[in-house]
Amino acid sequence: MTGGDIFVECLKAQGVKDIFGLPGNHLDTVYEALYNNQANIQHYVTRHEGGTAFMADGYARATGDVGVCMTVPGPGSNNASVGIGEANTASSPVLWITGQNPSYLAQRDPKKSFHGLDQRAAFTPMTKHLEIVHRVDQIPGAVNRSFSALRSGRPGPVLIELAKDALDAEADLPIPPWNNGIQTTAAPQDIDAAIALLSKAEHPLIIAGGGINHTRATAEILAFAELLDAPIVMTGFGKGSVPEDSPHSIGIFRDGVAQAAMNASDLIVAVGTRFNYRDTGNWSLKIPQPLLHIEADPDEIHKEYPATVGIGANPKLVLRQLNAALNDEKRTGGWGEGLRELRRQFTAIERPQILQEMREVMPRDAILSVDVNITGYGALAHFPCYHPGSYIFSGVSVAMGIGLTGAIGAQVAYPERKVVALSGDGGFLMTCPDLATAVMYNLPVVTLVMNDNQYTSIERGQLRRFGKRIGVELVNPDFVQFAESFGAVGLRVEDPNDFKPMFEKALALD
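If you use this note's numbering, the sequence shown corresponds to residues 10 to 519, in order.
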């Protein structure tokens with residue numbers, strides 16, 4: 010087998026079924042191996058590497074498992090870095106495969122080489138783990154270690170760089186089996202300390218973060234809330250981890266109802282969150298003490314807020330441990346009627362018309378991929394979600410372009426579910442060439458483009474601060490004709506009252 014064959018066999022052993030990529034000379038033998046394995050792995054050719062990485066991220070968030078993208082080095086990997094940076098801030102398990110020049114050129118100045126780039130120096134800051142493969146015999150170990158990193162602790166993107174001569178060489182090597190990573194549980198003394206806090210609390214409040222989404226710990230956190238008779242608020246990345254029609258859900262962290270509940274609580278239980286700038290208002294938010302903080306990355310405990318008890322372990326497994334211990338306890342506290350009042354306040358919130366109508370039309374298990382735009386900002390609080398992985402957005406890096414491409418990744422993961430992208434005109438135009446990818450593979454993604462011919466959020470900020478604006482006006486194409494030129498269907502809504510029937514029509518198309 011060639012190194013390319015060995016590499017693809019290693020991916021198959023790890024359960025990889027879909028890859029988003031752009032081919033290039035460095036990866037020829039990998040593509041030859043993919044050609045011979047089309048029954049096992051589907052390759053989706055994309056139009057720009059930035060979208061390629063966003064697709065893998067959307068796939069990873071929708072499934073909770075590894076999304077895979079592949080690019081050539083140099084310009085290809087530089088283009089992909091926007092999406093990889095997003096996956097890094099979103100704690101998304103993305104395997105990023107890049108080629109590299111033959112190993113005998115490793116000591117040459119990359120600025121003088123074809124597609125030359127020192128990728129270790131460039132991308133170590135935005136990846137959780139990085140493997141450099143110079144020889145064919147290094148391939149199995151590199152893949153095995155990469156999947157261990159992808160499936161252990163806090164997720165994040167992992168880069169494997171493959172030298173061309175390593176891929177072209179031939180060898181007969183064993184293929185490592187499935188690697189489930191290291192799943193860490195809490196030490197008994199930490200569970201005891203947590204139970205001691207929980208036993209004293211009359212009004213505990215639970216914060217569900219992205220770690221609940223990634224580990225698919227919905228059942229565990231709902232059981233936890235039931236045992237505590239406690240409300241749950243979600244962080245941005247935690248949205249969807251708890252059904253928003255659950256009697257325990259009171260919305261998104263920092264919204265009015267959630268903030269009032271936090272102020273009335275006597276214990277905060279934060280699970281699977283790192284307290285990023287968006288959720289905390291640039292860390293201006295005061296988190297009441299005591300705080301029980303459960304997070305997969307032990308280094309995050311005490312980093313932003315001091316924890317009374319901190320547990321650095323898999324959130325799903327820790328919740329199971331706590332639930333088992335709480336079942337043996339006789340609790341007398343709980344919110345009681347106070348929880349029901351919080352729910353009444355949350356459900357009484359008036360939602361923007363377009364978001365309300367989107368929710369009425371979209372199936373319960375539909376996936377929404379939200380680009381950076383004014384309507385999308387409102388969706389975080391005002392578009393209810395009911396399934397883990399059903400809400401994709403750029404929550405920290407705020408990277409424009411994820412709407413369409415994140416939706417494509419999610420649609421590949423779940424071809425039977427409805428997937429909608431909510432984009433502004435500016436964000437859509439950043440990755441719109443990949444509309445061709447959706448058409449090519451008959452992926453029925455519905456993309457809503459809010460067209461106001463400007464970068465609206467920037468314009469508002471300029472007017473608010475300076476009373477004038479510059480660099481925000483856009484000259485846009487006719488988006489209906491643009492879609493049709495790709496072979497997609499284009500529809501236009503000019504009257505808000507026409508939106509709902511037009512959206513129903515769009516969702517009904519195959």
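The C-beta atom is built at its ideal place from N, Cα and C for all residues, glycine as well. Please read these numbers as outputs of a predicted model, since none were measured by experiment.
Problem set entry | Continuous beta strand (DSSP E) stretch holding MET371: start and end | On the sequence shown, residue 371 is found 362 positions in, with the first residue counted as 1. Segment: none, MET371 is in no beta strand (DSSP E) and carries neither H nor E.
Exercise. Could you give the distance in angstroms between the alpha-carbon of PHE262 and the alpha-carbon of VAL91?
Worked result: The residue labelled residue 262 in the question sits at position 253 within the sequence shown. The residue labelled residue 91 in the question sits at position 82 within the sequence shown. When rounded, the distance between both Cα atoms is 27 Å.
For this session: Look up GLN463 in the DSSP assignment and say whether it is helix, strand or coil.
Result: Position 454 of the sequence shown holds residue 463. Three-state result, GLN463: strand.
Exercise. What residue does the alpha helix (DSSP H) around PRO486 start on, and which one ends it?
Worked result: In the sequence shown, counting from the first residue as 1, residue 486 sits at position 477. From DSSP, PRO486 is part of no alpha helix (DSSP H); its letter is neither H nor E.
For this session: Buried or exposed for MET511, please, with buried defined as at least 16 other CB atoms from any protein chain shown within 10 angstroms of its CB.
Result: Residue mapping note: residue 511 aligns to position 502 of the sequence shown, counting from 1. It counts as exposed.
Problem set entry | Inside the stretch 267–318 only - beta strand (DSSP E) runs reaching at least 3 residues | 276–280, 300–304
Problem set entry | Cβ shell of LEU207 (< 6 Å), same chain only, five flanking positions each side left out | For this step, residue 207 is matched to residue 198 along the sequence shown. Nothing listed; no residue qualifies.
For this session: Express the C-alpha separation of VAL407 and GLU366 in angstroms, rounding to a whole number.
Result: As a working note, residue 366 is residue 357 in the sequence shown. As a working note, residue 407 is residue 398 in the sequence shown. Approximately 25 Å, taken between the alpha carbons.
Problem set entry | First and last residue of the uninterrupted alpha helix (DSSP H) at VAL327 | Translated into the one-based positions of the sequence shown, residue 327 becomes position 318. Start and end: 324–336.
Exercise. Can you tell me whether SER5 is buried or exposed, with buried defined as 16 or more other CB within 10 angstroms of its CB?
Worked result: Here the chain comprises residues numbered 10 to 519, so residue 5 is not present and cannot be evaluated.
For this session: Output yes or no for whether 8 Å exceeds the beta carbon distance between GLY281 and ILE358.
Result: Counting from one through the sequence shown, the residue named residue 281 turns up at place 272. Counting from one through the sequence shown, the residue named residue 358 turns up at place 349. No; because the gap between Cβ atoms is not below 8 Å, this pair is not in contact.
Exercise. Going straight from the alpha carbon of ASN88 to that of GLN298, what length do you get?
Worked result: In the sequence shown, residue 88 corresponds to position 79, counting from 1. In the sequence shown, residue 298 corresponds to position 289, counting from 1. Computed Cα separation, rounded: 44 Å.
For this session: With DSSP as the reference, label PHE63 as helix, strand or coil.
Result: Translated into positions along the sequence shown, residue 63 becomes position 54. The DSSP-derived three-state label of PHE63 is helix.
Exercise. For the candidate residues ARG129, PRO149, ALA196, whose alpha-carbon lies nearest to that of VAL327?
Worked result: Sequence index remark: in the sequence shown, residue 327 carries index 318 (1-based). Ranking the options by Cα distance to VAL327, first place goes to ALA196.
Exercise. At what residues does the alpha helix (DSSP H) containing SER86 begin and finish?
Worked result: Stepping through the sequence shown from its first residue, residue 86 is reached at position 77. Unbroken alpha helix (DSSP H) run through SER86: 84–98.
Exercise. Skipping 5 residues on each side, what residues in its chain have a beta carbon closer than 7 Å to that of ASP337?
Worked result: Within the sequence shown, residue 337 is the residue found at index 328, counting from 1. Closer than 7 Å at Cβ, skipping near neighbours: no residue.
Problem set entry | For MET19, the first and last residue of its enclosing alpha helix (DSSP H) | By 1-based counting over the sequence shown, the position of residue 19 is 10. In the sequence as presented, Met is not what sits at residue 19; that position holds Cys. Taken as a continuous stretch (DSSP letters only), the alpha helix (DSSP H) holding CYS19 covers 12–22.
For this session: Please classify GLN47: does DSSP put it in a helix, a strand, or coil?
Result: Position 38 of the sequence shown, counted from the start, is the residue given in the question as residue 47. Residue state, collapsed to three classes: coil.
Problem set entry | Exposed unless 16 or more other CB atoms sit within 10 angstroms - verdict on HIS311 | Here residue 311 refers to the residue found at position 302 when the sequence shown is read from its first residue. In this structure HIS311 is exposed. Its beta-carbon is surrounded by fewer than 16 other beta-carbon atoms within 10 angstroms.
For this session: Can you have a look at LEU331 and say buried or exposed, based on whether 16 or more other CB atoms are within 10 angstroms of its CB?
Result: Translated into the one-based positions of the sequence shown, residue 331 becomes position 322. Buried is the call here.
Problem set entry | Test item: CB-CB of LEU444 and LEU413 under 8 Å | Here residue 444 refers to the residue found at position 435 when the sequence shown is read from its first residue. Here residue 413 refers to the residue found at position 404 when the sequence shown is read from its first residue. For LEU444 and LEU413, yes; Cβs fall inside 8 Å.
Problem set entry | Inter-residue Cα distance where the pair is PHE246 and GLY219 | Stepping through the sequence shown from its first residue, residue 246 is reached at position 237. Stepping through the sequence shown from its first residue, residue 219 is reached at position 210. Using only the alpha carbons, I get a separation of about 4 Å.
Exercise. Along the chain, where does the alpha helix (DSSP H) that runs through PHE29 open and close?
Worked result: Locating residue 29 in the sequence shown gives position 20, where the first residue counts as 1. No alpha helix (DSSP H) contains PHE29, which is instead part of the beta strand (DSSP E) from 27–30.
Exercise. Taking the C-alpha atoms as reference points, what is the distance between ASP507 and ASN451?
Worked result: As a first step, residue 507 is located in the sequence shown; it is residue number 498 there, counting from the start. As a first step, residue 451 is located in the sequence shown; it is residue number 442 there, counting from the start. Cα to Cα, ASP507 sits roughly 27 Å from ASN451.
For this session: Check whether the Cβ atoms of GLN420 and VAL454 sit closer than 8 Å, and answer yes or no.
Result: Here the question's residue 420 lines up with position 411 in the sequence shown. Here the question's residue 454 lines up with position 445 in the sequence shown. Yes, the pair counts as a contact, with Cβ atoms nearer than the cut-off.
For this session: Could you tell me which of SER161, LEU389, GLU313, ASP127 sits nearest to LYS248, measuring between CA atoms?
Result: The count along the sequence shown starts at 1 and reaches residue 248 at position 239. Nearest C-alpha to LYS248: LEU389.
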